[in-house]
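Asks:
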Amino acid sequence: MAADFSPVPGDGPTAGPHGSPQWTPVFPTQPQPHPRTWPAVVLAAVATTVAIAALVVALTRPTAPKSPIPVTAPSYSAAETSLAQRQLCDTYKVAAKSVEVDTNGADKALARIALSNAAGMLDAGAAAPAVDAKLRDAARALAAAYRMSNALGSVATDAEYQAALDDIVAKDATMKKACSGS
């Protein structure tokens, strides 16, 4: 019955080459030839070596001698110095008056604001390059004393706070003396 029929191609295993009209034997495939990468590796190694050598030469090579550029302190005319000092002293007088008025009131916040503002005003005035060094130092010292008093206002003992106030009084006297000619 079923053996009487010839097998249909693709209908199951067949025994031998007679079932397919074009039978080809299966041979192992030949390996693909590997691309030659060694020239690229050698080229990369040579390029890296040259780059490293160039870097070493660049880093160890002395730079061209530079002629020193003389730096001179800027000089200001007597009029410029006088104007800058007068402006700083005017700023000091306003700041000192503000501190005097606002620190003798009952409002602690207003007193602290006055101290901070006065310190900033003195620092800004002292930043003028034509101001005399002695006056500049006095203004910066007073500004620092104002800030210290502000910082100690809530955390210092009575003795520490009194020392900060005494420092303000001493530095204010120095500043007042420096500005007495203005």
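Residues in the sequence shown are numbered consecutively from 58, following the working numbering. Heads up, the beta-carbon is just placed ideally off N, CA and C, and yes, glycines get one too. Here the structure is a predicted model, which means the values were calculated and not measured.
Distance check for S132 and A171, CA to CA, integer angstroms please.
Replies: If you number the sequence shown from 1, residue 171 lands on position 114. If you number the sequence shown from 1, residue 132 lands on position 75. If you take the alpha carbons of A171 and S132, they lie about 34 Å apart.
Asks: Once you ignore the five residues that flank E217 on each side, which residues in its own chain have a CB closer than 7 Å to its CB?
Replies: For the purposes of this step, residue 217 is taken as residue 160 along the sequence shown, with counting starting at 1. Here the set comprises L209.
Asks: Pop quiz: A195 and T231 are said to be a contact at Cβ under 8 Å. What is the actual Cβ separation, rounded to whole angstroms?
Replies: On the sequence shown, position 138 is the one that residue 195 refers to. On the sequence shown, position 174 is the one that residue 231 refers to. 5 Å between Cβ atoms; contact.
Asks: Mind checking whether D229 and L199 have CB atoms under 9 Å apart?
Replies: What you label residue 229 is simply residue 172 of the sequence shown in a count that begins at 1. What you label residue 199 is simply residue 142 of the sequence shown in a count that begins at 1. Yes.
Asks: For L29, count the other beta carbons within 10 Å of its own beta carbon; 16 or more makes it buried, fewer makes it exposed. Which is it?
Replies: Here the chain covers residues 58 to 239 and nothing more, so residue 29 does not appear.
Asks: In the DSSP assignment, the alpha helix (DSSP H) including Y133 goes from what residue to what residue?
Replies: By one-based count along the sequence shown, residue 133 stands at place 76. It is not in any alpha helix (DSSP H) - Y133 carries neither H nor E in the DSSP assignment.
Asks: Just how far apart, CA to CA, sit M205 and R197?
Replies: Along the sequence shown, one-based indexing puts residue 205 at 148. Along the sequence shown, one-based indexing puts residue 197 at 140. Taking the straight line joining both Cα atoms gives about 12 Å.
Asks: Measure the alpha-carbon distance for V212 versus R169 and round it to whole angstroms.
Replies: Here residue 212 refers to the residue found at position 155 when the sequence shown is read from its first residue. Here residue 169 refers to the residue found at position 112 when the sequence shown is read from its first residue. If you take the alpha carbons of V212 and R169, they lie about 14 Å apart.
Asks: Look at A187 and A141 and say whether their C-beta atoms are less than 9 Å apart.
Replies: Within the sequence shown, residue 187 is the residue found at index 130, counting from 1. Within the sequence shown, residue 141 is the residue found at index 84, counting from 1. A contact, by the Cβ cut-off of 9 Å.
Asks: Whose C-beta lies closer than 8 Å to the C-beta of E157 among residues of the same chain, with five residues either side of it excluded?
Replies: For the purposes of this step, residue 157 is taken as the residue at position 100 of the sequence shown. So the list is empty, once near-sequence residues are dropped.
Asks: Return helix, strand or coil for D147, following the three-state DSSP convention.
Replies: Position 90 of the sequence shown, counting from 1, holds the residue named residue 147. Three-state DSSP puts D147 in a helix.
Asks: What whole-angstrom Cβ distance do T148 and M178 have, given they're in contact under 8 Å?
Replies: Within the sequence shown, the letter at position 91 stands for residue 148. Within the sequence shown, the letter at position 121 stands for residue 178. With 8 Å as the limit, T148 and M178 qualify as a contact, their Cβ atoms being about 5 Å apart.
Asks: Excluding five sequence neighbours on each side, which residues of the same chain lie with their C-beta closer than 7 Å to the C-beta of D189?
Replies: To locate residue 189, count along the sequence shown from 1; it is residue 132. Taken in chain order, the residues that qualify are T138 and Q142.
Asks: My output table needs one value for D224: the three-state DSSP class, helix, strand or coil.
Replies: The residue you call residue 224 lines up with position 167 of the sequence shown. Helix.
Asks: Take the Cβ of T214 as the centre, count every other Cβ of all protein chains shown within 10 Å, and call the residue buried at 16 or more, exposed below.
Replies: To locate residue 214, count along the sequence shown from 1; it is residue 157. Looking at its Cβ environment, which holds fewer than 16 other Cβ atoms inside 10 Å, T214 is exposed.
Asks: In the DSSP assignment, find the alpha helix (DSSP H) that holds A115 and state where it starts and stops.
Replies: In the sequence shown, the residue the question calls residue 115 occupies position 58. That run of the alpha helix (DSSP H) goes W95 to T117.
Asks: Given A235, which residues of its chain have a CB within under 7 Å of its CB, disregarding the five upstream and five downstream residues?
Replies: Position 178 of the sequence shown, counted from the first residue, corresponds to residue 235. For A235, where only same-chain residues beyond five positions count, the Cβ hits under 7 Å are K191, L192 and A195.
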